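2 protein chains.
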Amino acid sequence: MLHITDIKGLRCNGIKEGKNGLGVVVCSGNVAGVFTQNRFKSPSIVVTERNIKGGWIEGMIVNSGNANAFTGKQGMRNAKRMCELLANELKTDVEKIAVASTGVIGIQLDMNWIESKFVEVYKDLGNSKDHAMAFAKSIMTTDRLPKIAGCEVDECKIAGVCKGAGMIHPNMATMLAFIFTNADFRSEELREMLKMAVKYSFNTISVDGDTSTNDMVLLVATGEFRVGKDKFLEGLKSVCLNLAKQIVRDGEGATKVLKVEITNARDEDQAFKGARVVVSSNLVKTAIFGCDPNWGRIVASLGYAGIEVNEELDLTLRGYRNGELIAEVKLVEDGVGLGNEGTAREVMESVDEVQFIIDLKLGSGKGYAYGCDLSYEYVRINSEYTS
Amino acid sequence: MLHITDIKGLRCNGIKEGKNGLGVVVCSGNVAGVFTQNRFKSPSIVVTERNIKGGWIEGMIVNSGNANAFTGKQGMRNAKRMCELLANELKTDVEKIAVASTGVIGIQLDMNWIESKFVEVYKDLGNSKDHAMAFAKSIMTTDRLPKIAGCEVDECKIAGVCKGAGMIHPNMATMLAFIFTNADFRSEELREMLKMAVKYSFNTISVDGDTSTNDMVLLVATGEFRVGKDKFLEGLKSVCLNLAKQIVRDGEGATKVLKVEITNARDEDQAFKGARVVVSSNLVKTAIFGCDPNWGRIVASLGYAGIEVNEELDLTLRGYRNGELIAEVKLVEDGVGLGNEGTAREVMESVDEVQFIIDLKLGSGKGYAYGCDLSYEYVRINSEYTS
């Protein structure tokens, strides 16, 4: 398993105390980012979006437990102060630091806690696997597991870490994801590739249909090795998709991953759009939780997805356990239900990932989306997670 | 309480056996309808949409427990056959009958059951209050209560009945609603007024964000009395809103009604659009279930609603019990949280309707939306309601 600390020159650390966490990564490189499209952006988003315009950062500071969102001028001062803490230690400009926050909205940060924990975290920065895990854990909120992924492309390494379990319906970016590479690309090149990779990964997932105020994906490249753009983009896509899938697998209260794949839609955009609407449907999500192959709800949600549809569609269920295909059951052929619900239910009861493949027979567009089921536990977590 | 049987000349009846129900209304009059925008329309929708083009109907036949949706040519034949059953008895054209269905998607109707129950229902048609209630109960699915409403405008009466508890996120219309009046209007006038009334009532509610394949609202006018259009429209709006609120109050698993009102938005459309996005947010809905005045989730959902927003907003909570205002608590002023969450939580714990009033301070647009909380019970109902 590749860790972010396998990128030469990168040092990091983090701590988590109850609901609050603080993490720091020190890494010089060209940078690109994508950010939430929510119109109420966290001051952390506003500051980082501005700071990375220079195309270069020296490090980042991240807190969890408090989103520093809807916190007005005080929130803006606090976000800048967080950057300043790290900039002072690194003897660099405050504009070369990125800041990110995740947690409850509408409450001012406890800056005393942050300032004192920063000292602790900073003095123990390092590049071991334990340091990478400490950072990954420090940014978690309702996440059950830290989320890391990596791959190698020639001599180049790409390693990422992310967090997210609720308020997940990314639009241009998702909760927090930080990806590091020792490849050599200019920040404009990084941005172009990051946007593409995010489109096919973070932007295809949904846990609860709620787009956060704090979504952010940053990509930092230290410039150690050169590598072909196409090869690198493939690697970057695979790391992003790997991280995105870890988010839905850890979706709040989730017991099963749901993938919807649409083939032969009018075009690719329609296929992706339709798939995302289906995985976001509360009725589809509760059916998955109940191991109910209720394909009527799937076609109903496809019908309001705003894409061209065809009633003569085919619909097939596939069940996976630990990534392995267990069984495939065709439920609908040429628009006619085949009465295979009994078999399908048995498959659903024995797997951890359910896939529905919908063949629209209209064109050659192909797309997919990942989500998870909606369980009692989702309701418990979100009715008890107090403001 | 006004019943549909208070409209002169109207006779009805219905029965419910387990999950299945059949209801019949005989009533001659000018007719208008609005129908689901889901692209997979039930054959019942297709047939009724076509039949009411003539502007006149003699009666309607409705089944519950099976949506007759995604049932192809056989479903179309069955929908027509249902119209034929009633047309034969009334010795009228099959094109003067409306048909509606609600229930599970993707399964063919049990026409033997429908034909035999039709005989029973038809022979006991009548115009008593009990007959009205029998019809209202026959169209229920997961509804806990029958839903009726009415008002008088001069000598004119407007009386309606509807059903709906899940798959509720109407777009142009909602689940099944049938409204009758003895007023005298041409079908084009009825249609124009119905569209307006639906916009401010059924189209402002959401239970789970899922738009049904079977939504239908029909308005039948027997032409007994003349009344002014403006007066009638006010009455029609109030009946539609009354019915729509009964749907959210009976939303699957709902313990509380949620109303969001936006004032001083850029324009009316933005105010209605924003309010509906907020009441549809799973995170807002679970917070209401947990009596958590988590206004951070409210502003976050407003931020992705696609409308113009202003961080300097005011946000106030109002709690109602049995329609009576219990308390009002201001949570945010000029974009700053006031720290009144403790008081707000106490209010939420003691009421059955929670309202959030958001003052955007941008223009003069005003709009609202109704929804309900998301509870364990919603998950139970929808993970166990088998296909």
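Here the protein sequences line up with chains A and B, keeping their order. Residue numbering for the first sequence follows this note's numbering, beginning at 1 and increasing consecutively. Residue numbering for the second sequence follows this note's numbering, beginning at 1001 and increasing consecutively. Glycine residues also receive a C-beta, built at the ideal position from the N, C-alpha and C atoms. Keep in mind it's a predicted model, so treat the numbers as computed, not measured.
Selection from the options that minimises the alpha carbon distance to residue i
i	options	result
Val1351(B)	Val1257(B), Gly1303(B), Asp1359(B) and Ile1381(B)	Val1257(B)
Leu1362(B)	Ala1271(B), Arg1321(B), Leu1331(B) and Thr1343(B)	Ala1271(B)
Asp1208(B)	Lys285(A), Met111(A) and Cys27(A)	Lys285(A)
Val379(A)	Val198(A), Gly166(A), Met348(A) and Asp154(A)	Gly166(A)
Glu1189(B)	Val1024(B), Arg1077(B), His1003(B) and Gly1055(B)	Gly1055(B)
Ala1327(B)	Asp1230(B), Gly1335(B), Asn1340(B) and Asp1334(B)	Asn1340(B)
Val1354(B)	Ala1265(B), Ser1383(B), Val1119(B) and Ala1287(B)	Ala1287(B)
Ile1179(B)	Ala1069(B), Glu1312(B), Arg1297(B) and Val1034(B)	Val1034(B)
Arg39(A)	Val24(A), Gly150(A), Asn66(A) and Phe70(A)	Phe70(A)
Gly1049(B)	Arg1191(B), Val1198(B), Thr1142(B) and Ser1280(B)	Reading off the sequence shown, one finds Glu at residue 1049(B), where the question assumed Gly. Of the candidates Arg1191(B), Val1198(B), Thr1142(B) and Ser1280(B), the one whose C-alpha sits nearest the C-alpha of Glu1049(B) is Arg1191(B).
Leu1022(B)	Leu1010(B), Lys1229(B) and Leu1085(B)	Leu1085(B)
Cys1083(B)	Glu1115(B), Gly1072(B) and Lys1073(B)	Glu1115(B)
Arg1297(B)	Phe1289(B), Pro1146(B), Glu1089(B) and Leu1283(B)	Leu1283(B)
Gly103(A)	Asp154(A), Gly164(A) and Leu90(A)	Gly164(A)
Inter-residue spacing [alpha-carbon to alpha-carbon] between residue i and residue j
i	j	result
Val278(A)	Leu302(A)	6 Å
Lys80(A)	Asn1310(B)	22 Å
Gly1235(B)	Val1227(B)	11 Å
Glu434(A)	Cys1372(B)	The first residue shown for chain A is 1 and the last is 387, placing residue 434(A) beyond what the model contains.
Glu1252(B)	Ile1168(B)	10 Å
Met1216(B)	Ser1044(B)	10 Å
Asp1006(B)	Ala1159(B)	8 Å
Met1172(B)	Val1046(B)	Only weak support exists for where Met1172(B) lies, its pLDDT of 46 falling under 50; the value from the coordinates is given anyway. Going from the Cα of Met1172(B) to the Cα of Val1046(B) covers about 15 Å.
Val99(A)	Asn78(A)	10 Å
Glu1308(B)	Ile105(A)	20 Å
Val336(A)	Met348(A)	21 Å
Phe135(A)	Thr92(A)	22 Å
Ile1381(B)	Arg321(A)	27 Å
Gly1065(B)	Asn1112(B)	15 Å
Val1062(B)	Val1239(B)	21 Å
Glu1017(B)	Leu1241(B)	30 Å
Ala1177(B)	Ser383(A)	33 Å
Glu120(A)	Glu1324(B)	54 Å
Asp1141(B)	Met1133(B)	Reading the sequence as shown, one finds Thr at residue 1141(B) and not Asp. The alpha-carbon atoms of Thr1141(B) and Met1133(B) are separated by roughly 15 Å.
Asp1110(B)	Asn1051(B)	23 Å
Met388(A)	Val161(A)	The question about residue 388(A) has no answer, for chain A in this structure spans 1 to 387.
Own chain partners of residue i with C-beta closer than 8 Å, once the 5 adjacent residues on each side are dropped
i	result
Lys1245(B)	Ile1205, Val1257 and Tyr1370
Ala1344(B)	Pro1293, Leu1317, Val1329 and Leu1331
Lys1008(B)	Asn1182, Thr1222 and Glu1224
Glu152(A)	Leu2, Ile158 and Gly235
Asp1269(B)	Gly1365 and Gly1367
Proximity below 9 Å, CB of residue i to CB of residue j
i	j	result
Gln108(A)	Tyr1304(B)	no
Leu219(A)	Ile148(A)	no
Ser375(A)	Thr255(A)	yes
Val299(A)	Ser187(A)	no
Ile1247(B)	Leu1360(B)	no
Ser101(A)	Ile57(A)	no
Tyr1122(B)	Asn1013(B)	yes
Tyr368(A)	Ala221(A)	no
Met193(A)	Phe185(A)	yes
Gly1306(B)	Lys1273(B)	yes
Thr1211(B)	Lys1041(B)	no
Gly150(A)	Arg11(A)	no
Cβ-based neighbour list, residue i, same chain, cut-off 7 Å, excluding 5 preceding and 5 following
i	result
Cys156(A)	Thr181, Asn182, Ala183, Phe225, Val227 and Phe232
Ser128(A)	Thr5
6 Å Cβ shell around residue i - same chain, five flanking residues per side excluded
i	result
Arg144(A)	Asp250
Leu1315(B)	Trp1295, Leu1331, Val1332 and Ile1358
Ala87(A)	Val94 and Ile97
Gly75(A)	Pro43 and Asn68
Met1060(B)	Val1025 and Ala1098
Asp1334(B)	Glu1312
Pro1146(B)	Ala1136 and Lys1137
Cys1291(B)	Arg1345, Met1348 and Glu1349
Practice prompt. Could you tell me which uninterrupted alpha helix (DSSP H) segments, each at least 4 residues in length, are contained entirely in the stretch 1217–1293 of chain B, listed from first to last along the chain?
Written response: 1229–1249, 1268–1280 and 1282–1289
Worksheet entry | Entirely enclosed alpha helix (DSSP H) segments - the stretch 1339–1371 of chain B, minimum 4 residues | 1341–1349
Practice prompt. Any chance you could list the beta strand (DSSP E) runs of at least 3 consecutive residues sitting entirely within the stretch 109–193 of chain A, in chain order?
Written response: 147–153, 156–162 and 176–183
Practice prompt. Go through the stretch 1038–1103 of chain B residue by residue and report every complete run of the alpha helix (DSSP H) that reaches 4 residues or more, in order.
Written response: 1043–1051 and 1072–1090
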